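Respectively, the protein sequence lines represent chains A and B.
For the first sequence, position 123 matches number 122 in numbering that gives the first Met the number 0, and the numbering has no gaps at all.
For the second sequence, position 40 matches number 39 in numbering that gives the first Met the number 0, and the numbering has no gaps at all.
The beta carbon of each residue, even a glycine, is placed where N, CA and C say it ideally should be.
Quick caveat, the model's predicted, so the values are computed rather than measured.
Contents: one structure, followed by commentary.
2 protein chains.
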Amino acid sequence: MSRRDRLRAQTSAEIKAIALKLMADGGPDAISLRAIAREMGMTAGAIYSYFATRDDLITTLIGDVYTSAVDAAEAARDAVPETEPGGRILAWAQAMREWALANPEGFRLIYGDPVPGYRPPDGGPGSQAEARACAGLVGLVAAAWPAVQARRSGDRAYDWADFDPDLVAHVREDFPDLPPAGIAMTLRVWGRMHGLMALEIYGHLRTLIHDPADVYRDEMHDLIASLGLTT
Amino acid sequence: MSRRDRLRAQTSAEIKAIALKLMADGGPDAISLRAIAREMGMTAGAIYSYFATRDDLITTLIGDVYTSAVDAAEAARDAVPETEPGGRILAWAQAMREWALANPEGFRLIYGDPVPGYRPPDGGPGSQAEARACAGLVGLVAAAWPAVQARRSGDRAYDWADFDPDLVAHVREDFPDLPPAGIAMTLRVWGRMHGLMALEIYGHLRTLIHDPADVYRDEMHDLIASLGLTT
DNA sequence: TTGTTCTCTGAACGCCGTGTAGAAAATGAA
DNA sequence: TTCATTTTCTACACGGCGTTCAGAGAACAA
């Protein structure tokens, strides 16, 4: 790695760091090439030596931010022994919510419209982080599957063909005992964790309840119970 | 209502209609005063005779769009007899999802970051429509409350003081038998309906599952069952 | 040293929201 | 009808944005 490469990596990291700072201060909309360049004592055009377009920069940021969120969730999950699948789910859920509250703009970046006009590319670093998050959730559901199976009833019969082939391949390799319905259940779990979190971050609960933490905790306990687990 | 007032109302309606069309075509970001004026054969400044600022227009649009969503949900709910509280919940949920799929940009407008830099005012028409939606959900939960109460356990003890005074006043007037925990349960129901919908609209399920409809239906059936109801 | 590659500037283009000054039109009273 | 008032709209300006492009200058490899 030559000196030039080092400088390049350093500048690239500085661009991303300033972008994150701007986002933390003024929301995702505050990420503008001109503002970043201003902060760095450069002109906006110079950034095009590092990122082909603004959306490229956003895509990279989404990957970084998403990765940090999943890191936090995985760490919290792994702090609970595997013998407590319910506790691991709760830990994951709470870690995600706490991360979201600490990084609301990051949450918007990942799960909302990141920035005016941005459209996520297929297979970007954001997708990779999302795949990691999805894999983590599948693992949590797989660990609970024996309990889940005992109470499931009335759900639609799912087939591997209902899901993305890549996802199916990973799941069947890592969790050979999990049937297609396990993926469907994973998506439901994800949705259930996401719902109250999204409403809270986007301010829809703020005017209704003083502290949504208890409601979220109750909901997660009910989720775990509905999977046939205990905490 | 004078001729001038009529013309004014008509122009105002045209501005909103064009804004909605632009939004449907190119997403919420496509709503720009200049684009609207261009479409109307006017200059951007003229719009300031009708809306003090762009955010004012957005606020009005949010109110309209939210109202149309709640109208759809209420109509679907009322098509199911009151003797089937579970069916009414399902109808509401399905109507909401179908509305969201038919108006994804509207969903983003209501539940996401509507437009760069926009911050919702307190007590705007959006809040009113949200209050209607909230009231509808409280009603659904209140109708199910006897069944819910029989299965609830382990939840935190809630107090009226935990919630917004206005909301509490309305609830206690309309549903005198509903305890504070009923509001908490309503928020949980809302979150549960919202989660998968938000993930789907923002494209996070698209790459994982071909048709999220079944997963959403299963989740809503489980929600209804968890309230002690049947469908 | 020379030739190449990379980085950055500065200016330009066309978008945007927002103001302001003044023209033009509609209105209501005399 | 005439005139003053109110409302609506244009024209222009300001600063912001992403993006492109020619060219200056520095860093590199030979």
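- Using a CB distance cut-off of 7 Å, residue 174 of chain A does not count as an interface residue toward chain B.
- Of all residues in the stretch 135 to 163 of chain B, only 153, 154, 155, 161, 162, 163 place a beta-carbon less than 7 Å from a beta-carbon of chain A.
- One thing to note: residue 92 of chain A has its Cβ within 7 Å of the Cβ of residue 192 of chain A.
- At a beta-carbon threshold of 7 Å, the residues of chain B lying near residue 214 of chain A are 183, 186, 187, ordered along the chain.
- Looking at the backbone, the Cα of residue 129 of chain B and that of residue 150 of chain B are separated by about 29 Å.
- Judged by DSSP secondary structure, residue 98 of chain B falls within the alpha helix (DSSP H) whose first and last residues are 84 to 101.
- Inter-segment contact for the stretch 82 to 101 of chain A and the stretch 49 to 58 of chain A is absent: fewer than three beta-carbon pairs are separated by less than 8 Å.
- Below 8 Å, enough C-beta pairs join the stretch 98 to 108 of chain A and the stretch 196 to 208 of chain A to call them touching: three or more.
- Within the stretch 116 to 132 of chain B, those residues whose Cβ lies closer than 8 Å to any Cβ of chain A are, in chain order, 116, 119, 121, 126, 129.
- From the beta-carbon of residue 88 of chain B, no residue of chain A is found nearer than 9 Å; the closest lies around 15 Å away.
- Against residue 191 of chain B, the close residues of chain A are 191, 194, in the order they occur along the chain (beta-carbon pairs closer than 7 Å).
- In the displayed model, residue 35 of chain B falls within a helix according to three-state DSSP.
- In summary, residue 2 of chain A is exposed, with fewer than 16 beta-carbon neighbours lying within 10 Å of its beta-carbon over all protein chains present.
- In this structure, B:125 is the residue among B:22, B:11, B:125 with its C-alpha nearest to the C-alpha of residue 203 of chain A.
- Taking a beta-carbon distance threshold of 7 Å, residue 208 of chain A counts as an interface residue toward chain B.
- Around the beta carbon of residue 42 of chain A, fewer than 16 other beta carbons sit within 10 angstroms, so the residue counts as exposed.
- The shortest CA-to-CA distance from residue 152 of chain A to any of B:217, B:187, B:177 is the one to B:217.
- In this structure, residue 194 of chain A places its C-beta atom within 7 Å of the C-beta atom of residue 194 of chain B.
- Between residue 108 of chain A and residue 61 of chain A a beta carbon distance of about 6 Å is seen, short of the 8 Å cut, so the two are scored as contacting.
- For residue 198 of chain A, the enclosing alpha helix (DSSP H) stretches over residues 179 to 200.
- Burial check for residue 118 of chain A: the Cβ neighbour count within 10 Å stays below 16, so the residue is exposed.
- Sequence-distant partners of residue 146 of chain A (beyond 5 residues in either direction) whose C-beta falls short of 7 Å from its own C-beta, in its chain, are 226, 227, 228.
- Relative to the Cα of residue 220 of chain B, the nearest Cα in the group A:137, A:155, A:136 belongs to A:155.
- Within the model, the alpha-carbon separation for residue 76 of chain A versus residue 179 of chain A is close to 24 Å.
- Contact check for residue 89 of chain A and residue 223 of chain A: beta-carbon distance about 6 Å, within the 8 Å limit, so the pair qualifies.
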